[in-house]
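Protein chains in written order, with the working numbering: chain G, 1 to 204; chain E, 1 to 204.
One structure is given below, encoded as structure tokens.
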DNA sequence: ATTTTTATTGGACAATCGTCCAGATTAAAT
DNA sequence: ATTTAATCTGGACGATTGTCCAATAAAAAT
């Protein structure tokens, strides 16, 4: 009798919690847009509220403070980007195909989602000062490094690669391409992919 | 008669201006310390004033606004770092020596001036959002790329290298090393230099 | 149908921000 | 020595910030 009742309560509580988490993600998704546009340092909660048609109180109702909201935003971003990369790599067979697919995906996302990545670099820099940002940054980078390991496997790479170093190299070029795309002369997807391919061939 | 007088006035004005510029640099140098510690987003003018024993009014007397002060800080940082790198490269002879010298200098600065570089990456990210930061960022990166070209020359590299790409690769590793140094497990100068050497050998 | 819980609003709150200035102090010029 | 200009102080100013809450609306449970 008690077990039934508490079971019901538990299901209810879980459903409620799940709903709340979904709402949080939805809000974070909206907030992401404001952050992408203005950057961490220049985005107030009021900016976020306005740009996503939410009341200021709402934000506080779902999120403890500004930091928690922003961290959730990064998390939402992460899930979208890394799972895309994972699928891309996982569906390619053989060295050439893996390199092509990865280079292509990276180039495409620079062209189409530049402002998202801009925010990523902004928040990653924040993590150098504010330890609250470090766990999520570390988690994302570990995922990216894992994807690189997977890429090596699917590229039939015989010996182990230093995936961390590889990540650092790719990231350097990726960020530089992004910066040129935003602040310099934008290039088309093909040109970006070609350059990225050259880098990937260094160690894949 | 007029030419003498106006000449004197000109000399005077120049001396005054130079003095003011020196004072500005001195203030920027002090401000740098606060920025290094707290980062762009979390450093107020009051933080800067307190940490460098300056009055709030002083900052405004010498600098139009917050942005001008911070830009000057980056400029001060730049002069110190790039000229060190330049001297390092310029005094090395032959491929091995150039690579060793450059790798060593980069590794040393990561250990000894981590918080300065941390600020650099912070402000460079800012430039992705705020165009006011772009000229100074661009200038610094061009200088670094030039240093890389010089390195290629002094390493007796026959064919031209893609210095921009080289910069992107080195920067990726340098940043990653810095991040690990600050947020992860710090390594000694030797270990950092070894890793950096491997990267430099890729294209020097 | 009624009660209880959850969701949402709009605004108040104190703290902090960048900016600015009146006046004191010091240095330079005459 | 006197005047003029430059330097510096401390605090005031309005705007903006993150946080929080009383009141209302909506939803869920009884």
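Ideal Cβ positions, reconstructed from N, Cα and C, are used throughout, including at glycine.
Just so it is clear, the structure is predicted and the values come from calculations on it, not from any experiment.
Buried or exposed: residue i, going by 16 or more other Cβ atoms within 10 Å of its Cβ?
i, result
"residue 57 of chain G", "exposed"
"residue 202 of chain E", "exposed"
"residue 21 of chain G", "exposed"
"residue 195 of chain G", "buried"
"residue 175 of chain E", "buried"
"residue 141 of chain G", "buried"
"residue 125 of chain G", "buried"
"residue 46 of chain G", "exposed"
"residue 28 of chain E", "buried"
"residue 79 of chain G", "exposed"
"residue 136 of chain E", "buried"
"residue 61 of chain G", "exposed"
"residue 190 of chain G", "exposed"
"residue 172 of chain E", "buried"
"residue 91 of chain G", "exposed"
"residue 155 of chain E", "buried"
"residue 185 of chain E", "exposed"
"residue 74 of chain E", "buried"
"residue 152 of chain E", "buried"
Provide the residue span of the alpha helix (DSSP H) that contains residue i, from first to last.
i, result
"residue 174 of chain E", "163 to 183"
"residue 204 of chain E", "Careful: residue 204 of chain E lies outside any alpha helix (DSSP H) and carries neither H nor E."
"residue 50 of chain G", "45 to 51"
"residue 59 of chain G", "56 to 62"
Does any CB atom of chain G fall closer than 7 Å to the CB of residue i?
i, result
"residue 41 of chain E", "yes"
"residue 85 of chain E", "no"
"residue 98 of chain E", "no"
"residue 133 of chain E", "no"
"residue 118 of chain E", "yes"
"residue 125 of chain E", "yes"
"residue 65 of chain E", "no"
"residue 77 of chain E", "no"
"residue 21 of chain E", "no"
Go ahead and pull the three-state DSSP assignment for residue i.
i, result
"residue 6 of chain G", "Note that residue 6 of chain G scores a pLDDT of 49, beneath 50, so its modelled location is shaky; the value from the coordinates is reported in the next line. Reduced to three states, the DSSP call for residue 6 of chain G is helix."
"residue 18 of chain E", "helix"
"residue 29 of chain G", "helix"
"residue 41 of chain E", "coil"
"residue 160 of chain G", "coil"
"residue 187 of chain G", "coil"
"residue 1 of chain G", "Per-residue confidence for residue 1 of chain G stands at a pLDDT of 41, beneath the threshold of 50, marking its modelled position as unreliable; the derived number appears in the next sentence. Three-state result, residue 1 of chain G: coil."
7 Å is my cut-off, CB to CB: does residue i come that close to chain E?
i, result
"residue 166 of chain G", "no"
"residue 82 of chain G", "no"
"residue 194 of chain G", "no"
"residue 161 of chain G", "no"
"residue 29 of chain G", "no"
"residue 176 of chain G", "yes"
"residue 61 of chain G", "no"
"residue 45 of chain G", "no"
"residue 11 of chain G", "no"
"residue 182 of chain G", "yes"
"residue 129 of chain G", "yes"
"residue 173 of chain G", "yes"
"residue 169 of chain G", "yes"
"residue 122 of chain G", "yes"
"residue 14 of chain G", "no"
Length at least 4, wholly inside the stretch 76 to 156 of chain E: the alpha helix (DSSP H) runs in chain order: Runs of alpha helix (DSSP H) with 4 or more residues, each lying fully within the stretch 76 to 156 of chain E, are found at 95 to 112, 114 to 127 and 134 to 154, listed in chain order.
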